[in-house]
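Asks: For the sequence shown, the working numbering assigns the number 6 to the initial residue and increments by one for each residue that follows. Each residue gets a CB set at the ideal place from its N, CA and C atoms; glycine is no exception.
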Amino acid sequence: MLTNKRFNGFLGATLSGLLLYGALSPNDHWLLAWFALVPLLCSLKGSTVRQAALLGGVTGTVVNFLAFHWCIQLMQSFSNLGPASYLIMLLMAMYQAVPWALWCAFLRAPGPVVKNPYRRGLGFATFSVSAFLALEYFYPIIFPWFLANTQHMRPELLSIIEVGGVSSLSMAILVVNLCLARALVGDPKEAPTRLWPVQTAKPLAWLLPVPLIIGALLAWNSYRVPMIEQQIKDSPTLELGLVQPKEWIRSGPSLEGLHKYQVLTHQLIERAAALGRPLDLILWPESAVRTPPGLIERLPSESKGQTVLETPGRLTQYPVDVTRLMPSLTVPSETLESERGVPLEDLLAVQRGHSVPTLFGTTLVDLDPDATAPIPGRAPLYNCAVLLDEYGAVLGAVKKVKLLIFGEFIPGSAYFPWVYTLLPSSSALLPGTEPAVLDFRDSRLGIMICYEDLLPWFHYALAKKKPQILLNLTNDAWFGLTAEPAAHFALSKLRTIEGRCYLVRSTPTGISAVVDPFGNVVGEIPSGESGTLQRTVRLLDVETGFERWGDTIAWLSLLFSLAYGVFWWTRGARGVKTNET
């Protein structure tokens, strides 16, 4: 039977989920995050461990289902799951809600019996924060997100991320929510409540930390911004161009898509020359160069010292050992139909009618007969970013390290290849071994492919290689005109704060953008539009706390949570009832 108390608890948990969703992109009502957890925390008062876990699960399910509802369209467009897509989406949301259920259960679990309630309260208060941060950071989900991501529109609050990563800002938001909830449910006549379990005669005193925390974030930002601005002024520049052709998945033959890139690139270069700002580098997105079926055995390239353009037949991708892609001197016509009679090697050229260095995304194949294939019958393929100099020489090829589950690989598919009948659009790719920085002239380019730009642990490994700028080649065309492109972009923006460097994103359908070291968007091509973008960016060498310590806060939170759990267990928490409210 659902009592009024339980019903109110359910409403509170649901409200927290809705508030969190409102704070996340693309809604971006950032202020909601600072009190979004309060209804949930107030609902936990007087609940059992099981009830608390259920309430936490409700909050987590609501926010994850709403924030990732675009996965339903993705599954319906590129799988044979049909109506089962809704059930799978619900199951995924419930899976991603597990950390919320565990955290709320921890808040209501009976604690160890100690003589000093203040000592118990202080220890458990720290545990309540550290447990949340550890679960938020280490619990595996497909698209990781953090409380800190809700603030991507507020650069003045983001600066703390350069010290301790996303966990430092998540911690500030969490503590504010706990303090607000403690002030609301507090009663000096009651024992400490396990929302923020330190007893005080004046519950409203818990409001005091709120302005102090906000003030500290703003003060640190005011201290750091002038220092970064001075370093920006003293740093060398790079003139970058982005090309976004609005090329959707399965929108047409890949040769037609390549022609769109060629035409837009030529237009971009002409405008840059007219402005007197010649481009240093052009970015094409992930998978910009795809396989035109039935044309040639290999594209024009130099592989192991030989330029090959072999007998017509089934086309494979560029080989992983490609050393040069011959540029073409011919200027592309406005339409592909006007290209009749143009040699095939010109139609397939990445650099056509220009000699500007280009970074582009494509799939590379390992032609070594001894190469390990991901599953029987499939070629060993890598999702890569390839950098060409002005003469078409390959300066470097970076393999994607963090593959997207179900999109770029399916766990266990080597043993159950029939799973591809359910997910026919899924790839079977091989991962790279480590993040890479490409040397280009006097600059160091940090390369991120696809959703690697939203993974702070990937960025930490890349940051150790000292990139001066982050270049992200991604492809959000799979998701159509949904909320995913905006959400992906919002998640990626925090990388600029962690490393205090520019982030440049190139996508085929948007959002292509340039973000400065403060998290401000200084140039953007919106989702679903075709166009080009040119911006002058700075090459920065700023050593941040994140580059030194990375995710130390998250690891310390995990270690403290485990240590407190051991203490909790050994001091008689098992089976001990508590009279706390």
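Just the C-alpha distance for Val-103 and Val-571, rounded to the nearest angstrom, thanks.
Replies: 21 Å
Asks: Buried or exposed: which applies to Val-336, given that a residue is buried once 16 or more other Cβ atoms fall within 10 Å of its Cβ?
Replies: Residue burial annotation: Val-336 is exposed, with fewer than 16 other C-beta atoms found within 10 angstroms of its C-beta.
Asks: Three-state secondary structure (DSSP) at Lys-404?
Replies: strand
Asks: Any idea if Met-80 is buried or exposed, counting beta-carbon neighbours within 10 angstroms, 16 or more meaning buried?
Replies: buried
Asks: May I ask you to report which of helix, strand or coil DSSP gives Cys-389?
Replies: strand
Asks: By a C-beta neighbour count over all protein chains shown, 10 Å radius and 16 as the cutoff for buried, is Lys-5 buried or exposed?
Replies: A question about residue 5 goes unanswered here, because the residues of the chain that appear run from 6 up to 586.
Asks: Can you list, in chain order, the residues of its chain with a C-beta nearer than 6 Å to that of Leu-86? Leave out the 5 residues immediately preceding and following it.
Replies: So the qualifying residues of the chain are Met-80.
Asks: For Val-43, collect the residues of the same chain with a Cβ closer than 8 Å to its Cβ; drop the 5 residues on either side in sequence, then sort them by chain order.
Replies: Ser-21, Asn-182, Leu-185, Ala-186 and Leu-189
Asks: Buried or exposed: Glu-439, going by 16 or more other Cβ atoms within 10 Å of its Cβ?
Replies: So Glu-439 counts as exposed.
Asks: Since Leu-476 contacts Leu-460 with CB under 8 Å, what's their CB separation in whole angstroms?
Replies: Their Cβ separation, rounded to whole angstroms, is 16 Å, which puts Leu-476 and Leu-460 out of contact at 8 Å.
Asks: Taking only three categories from DSSP, how would you classify Thr-377?
Replies: coil
Asks: Quick one, which of Trp-573, Ala-495, Arg-510 and Thr-131 has its alpha-carbon nearest His-157's?
Replies: Just measuring C-alpha positions, the residue of Trp-573, Ala-495, Arg-510 and Thr-131 sitting nearest His-157 is Ala-495.
Asks: Can you find the residues in the same chain that come closer than 6 Å, C-beta to C-beta, to Thr-312, ignoring five residues on each side of it along the sequence?
Replies: With a pLDDT of only 34 at Thr-312, under 50, the local geometry of the prediction cannot be trusted, and the value read off the model is given with reservation. If we look at Thr-312 and ignore the five residues flanking it on each side, it has no Cβ neighbours.
Asks: What do you get for Ser-30, buried or exposed, if any count of 16 or more other CB atoms within 10 angstroms of its CB means buried?
Replies: buried
Asks: Do Thr-512 and Asn-480 come within 8 Å of each other at the CB atom, strictly closer than that value?
Replies: yes
Asks: Rounded to a whole number of angstroms, what is the C-alpha to C-alpha distance between His-271 and Arg-357?
Replies: 8 Å
Asks: How big is the Cα-Cα spacing for Tyr-396 and Ser-175?
Replies: 47 Å
Asks: Assign Leu-45 to one of three DSSP states: helix, strand, or coil.
Replies: helix
Asks: Any contact between the segment 504-523 and the segment 138-146? By contact I mean 3 or more CB pairs, one from each, below 8 Å.
Replies: no
Asks: Which residues share a DSSP beta bridge with Met-453?
Replies: For Met-453, DSSP records a beta bridge to Asn-477.
Asks: When we look at the beta-carbon of Ser-333 and count the other beta-carbons within 10 Å, is it buried (16 or more) or exposed?
Replies: Ser-333 comes out buried.
Asks: How far does the alpha helix (DSSP H) with Asp-351 in it extend, from its first residue to its last?
Replies: Boundaries of the alpha helix (DSSP H) around Asp-351: 349-352.
Asks: How should Ile-4 be labelled, buried or exposed, when 16 other C-beta atoms within 10 angstroms of its C-beta is the threshold for buried?
Replies: In this structure the chain extends from 6 to 586, so residue 4 is not present and cannot be described.
Asks: If we ignore side chains and look at the alpha-carbon of each, how far apart do Val-294 and Glu-342 end up?
Replies: Between Val-294 and Glu-342, the C-alpha separation is close to 19 Å.
Asks: Using C-beta distances below 7 Å, list every residue in its chain close to Ala-28, excluding the 5 sequence neighbours before and after it, in chain order.
Replies: His-34, Trp-35, Leu-37, Ala-38, Ala-41 and Thr-155
Asks: Pairs of beta-carbons, one from the segment 215-226 and one from the segment 264-284, closer than 8 Å: are there three or more?
Replies: no
Asks: State the Cα-Cα distance for the pair Glu-261 and Ile-233, rounded to the nearest angstrom.
Replies: 44 Å
Asks: Using the three-state DSSP reduction, which class does Ile-410 fall into: helix, strand or coil?
Replies: strand
Asks: CA-CA distance, Glu-302 and Ala-398?
Replies: Low per-residue confidence applies at Glu-302: pLDDT is 38, beneath 50, and the placement is therefore not dependable, though the value from the model is reported in the following sentence. So the alpha carbons of these two residues sit roughly 21 Å apart.
Asks: Tell me the residue span of the beta strand (DSSP E) that contains Val-370.
Replies: Taken as a continuous stretch (DSSP letters only), the beta strand (DSSP E) holding Val-370 covers 363-370.
Asks: What residues match up with Pro-324 in a beta bridge as DSSP calls it?
Replies: Beta-bridge pairing links Pro-324 to Val-370.
Asks: Between the C-alpha atoms of Leu-486 and Thr-575, what's the straight-line distance to the nearest angstrom?
Replies: C-alpha separation (whole angstroms): 53 Å.
Asks: In angstroms with no decimal places, state the Cα-to-Cα distance between Val-248 and Trp-573.
Replies: 57 Å
Asks: Between which two residues does the alpha helix (DSSP H) carrying Val-103 extend?
Replies: 103-113
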